[in-house]
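The next block holds one structure in the form of structure tokens; read it before the comments.
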Amino acid sequence: MRVLSTRVALAVLGLPLGAMAAPEPEATPAVAQDVAPAPPAPPPLVFRLQARLDSRVLVGRQARLDDYTLDSILVVPGVGGQLTPWFSYGFSAVAYAQSFENAQPRILDTVGMFKLAEPFQIWAGRFVVPFDRFNLSGPFRNLIWSYPGIYDGVRRIGGENGPFGRDTGLSIWGSVGQGFFKYHLMAHQLELGQAAPRLTGRVSFSFLDREPGYFVSTSYLGEKDVVSVGVAMQYQHDGRTWTPVAGAGASSVLPLAVDAAQVQPLPTRVDNLWAVTADLFAEKRLGPGLGTATFDVGYYEYDEHRSYRRAYAITAAYLPHLQLGPGRTQVGIRWEQAYASPLQPQLSNLKAADLSVSYHLSGYNLRLGLDAARQWLGSRVANNVAMGLQYSPP
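See below:
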């Protein structure tokens, strides 16, 4: 047995079998090491910095070459780490403004993450609400440079969340099959003691390559082949305040032709808030040298007391295999529509189209963006061009 064990050890170590010609009588048998070493533990403290600068160019008959503004500055410094195999944490601040001089830092994320098992994890604190794919991607991993659902600076699609898509709450979530199935259950807006908590639930399935982890992306830049479907719902008892119009009951539907000047407001009322969404995401590498195609569609429906009750966004993109200089260029187009609630006859349906070009020098870590948008805002049309730079380390 000693000779057989020594042969196995020498074969595993890559030594010639002749090297065991005359073993010492007192030699101890070697043990084959066929178990890979454990990966290093995640560091307990990691510093991060994300930054994004956006400029807008005015487009129109009277526009000139100097008609541009620094539209926004978004800086997100943060720290995080893993203290034990089952507990990690994250903390980040945010400064968002139109200039460095008037930027006011605020707390963005403060979250403790308890991982009891892959299918059962608990997050507590202030963090991203898991409603739709856009919110779970964030501005730094959004395929189109400009965030969706923005018309004159007002959100028309997306979840009912706090600033930057965050809220304070408690979430139970998990992943099965390395991301084949994921679920999220979150109770948020818990700091508002006089109101009922807002509840958000989401389930998703990822076919082909998986999407593990809490977050997703609106494009993986040719690193994965993904087909994913997700549905979500939000609900809050007495979470919606709304103002009815004279002569219209809570269930009345006024014709869109009613003149808003003739409508008299009544005292504000309270009703239940709810929202549902469904999204389909597909990204496929087309073959050697053919690049990557992306398709994404999201549909939203809200209670009738929200200003815009239904909306959808459709996105298509292509990432050529050809590399131009040190980076790769992705071209995307997005079409959005938002439909006014029948209880808001003074509002018009809205439409918007974005043509976006992103130059990825290092994936999403270093990116240049250009976005040309046209928005149909009722009786008028708005055009603008946005350019930006983002830095977001892994």
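Mapping to our numbering: the sequence shown position 170 is 326, numbers consecutive. Every residue, glycine too, gets a C-beta built ideally from N, C-alpha and C.
Inter-residue spacing [alpha-carbon to alpha-carbon] between residue 211 and residue 515: Looking up residue 211 in the sequence shown gives position 55. Looking up residue 515 in the sequence shown gives position 359. Between residue 211 and residue 515, the C-alpha separation is close to 16 Å.
Residue 375: CB within 7 Å of a non-hydrogen atom of the ligand GDP: With respect to the ligand GDP, the structure offers nothing, as it holds no ligand at all.
Which listed residue (519, 498, 457) has its alpha carbon closest to that of residue 466: The count along the sequence shown starts at 1 and reaches residue 466 at position 310. The shortest Cα separation from residue 466 among 519, 498, 457 belongs to 457.
Sheet register partners of residue 396 (DSSP bridge): Here residue 396 corresponds to residue number 240 of the sequence shown, with the count starting at 1. Residue 396 is bridged to 427.
Residue span of the beta strand (DSSP E) that contains residue 475, given as start and end: Numbered from its first residue, the sequence shown carries residue 475 at position 319. Counting along the chain, the beta strand (DSSP E) containing residue 475 begins and ends at 464-475.
Rounded separation between residue 425 and residue 322 - CA only: Here residue 425 is taken as the residue at index 269 of the sequence shown, counted from 1. Here residue 322 is taken as the residue at index 166 of the sequence shown, counted from 1. Near 26 Å, if we compare the C-alpha coordinates of residue 322 and residue 425.
Nearest candidate by alpha-carbon position, reference residue 483, set 492, 397, 265, 519: As a working note, residue 483 is residue 327 in the sequence shown. The option with the nearest alpha carbon to residue 483 is 519.
Rounded distance between the beta-carbons of residue 474 and residue 447, thought under 8 Å: Reading the sequence shown from its first residue, position 291 is the one you call residue 447. Reading the sequence shown from its first residue, position 318 is the one you call residue 474. That pair is a contact at about 6 Å.
Rounded C-alpha distance that separates residue 303 from residue 295: Taking the sequence shown and counting its residues from 1, the one referred to as residue 303 is at position 147. Taking the sequence shown and counting its residues from 1, the one referred to as residue 295 is at position 139. Taking the straight line joining both Cα atoms gives about 6 Å.
Three-state class that DSSP yields for residue 262 in the structure shown: Start at 1 with the first residue of the sequence shown, and residue 262 comes out as number 106. The answer is strand: DSSP assigns residue 262 an E or B state.
Proximal residues to residue 442 (C-beta, below 8 Å), its chain only, five neighbours per side dropped: As a first step, residue 442 is located in the sequence shown; it is residue number 286 there, counting from the start. Cβ within range, chain order: 448, 449.
CB of residue 313 within 8 Å of CB of residue 492, strictly: Within the sequence shown, residue 313 is the residue found at index 157, counting from 1. Within the sequence shown, residue 492 is the residue found at index 336, counting from 1. The criterion of a C-beta distance shorter than 8 Å is satisfied by residue 313 and residue 492.
Alpha helix (DSSP H) segment containing residue 289, residue limits: Start at 1 with the first residue of the sequence shown, and residue 289 comes out as number 133. 289-293 is the span of the alpha helix (DSSP H), which, as asked, contains residue 289.
Residue 243 to residue 268 span [Cα, whole Å]: Your numbering for residue 243 matches position 87 in the sequence shown. Your numbering for residue 268 matches position 112 in the sequence shown. Taking the straight line joining both Cα atoms gives about 7 Å.
Cα-Cα separation, residue 546 to residue 423: Working through the sequence shown from its first residue, we reach residue 546 at position 390. Working through the sequence shown from its first residue, we reach residue 423 at position 267. Residue 546 and residue 423: Cα-Cα distance of roughly 45 Å.
Same chain, Cβ closer than 8 Å to residue 537, five either side skipped, listed in chain order: Residue numbering aside, residue 537 sits at position 381 when the sequence shown is read from its first letter. Same-chain partners within the cutoff: 530, 531.
According to DSSP, residues forming a beta bridge with residue 312: The sequence position of residue 312 within the sequence shown is 156, counting from 1. Looking at the DSSP assignment, residue 312 forms no beta bridge with any residue, so it has no partner.
Residue 325 versus residue 238: straight-line alpha-carbon distance, rounded: As a first step, residue 325 must be located in the sequence shown, where it is residue number 169. As a first step, residue 238 must be located in the sequence shown, where it is residue number 82. Computed Cα separation, rounded: 21 Å.
Cβ pair residue 437, residue 359 closer than 8 Å: Numbered from its first residue, the sequence shown carries residue 437 at position 281. Numbered from its first residue, the sequence shown carries residue 359 at position 203. Cβ distance not < 8 Å, so residue 437 and residue 359 don't count as in contact.
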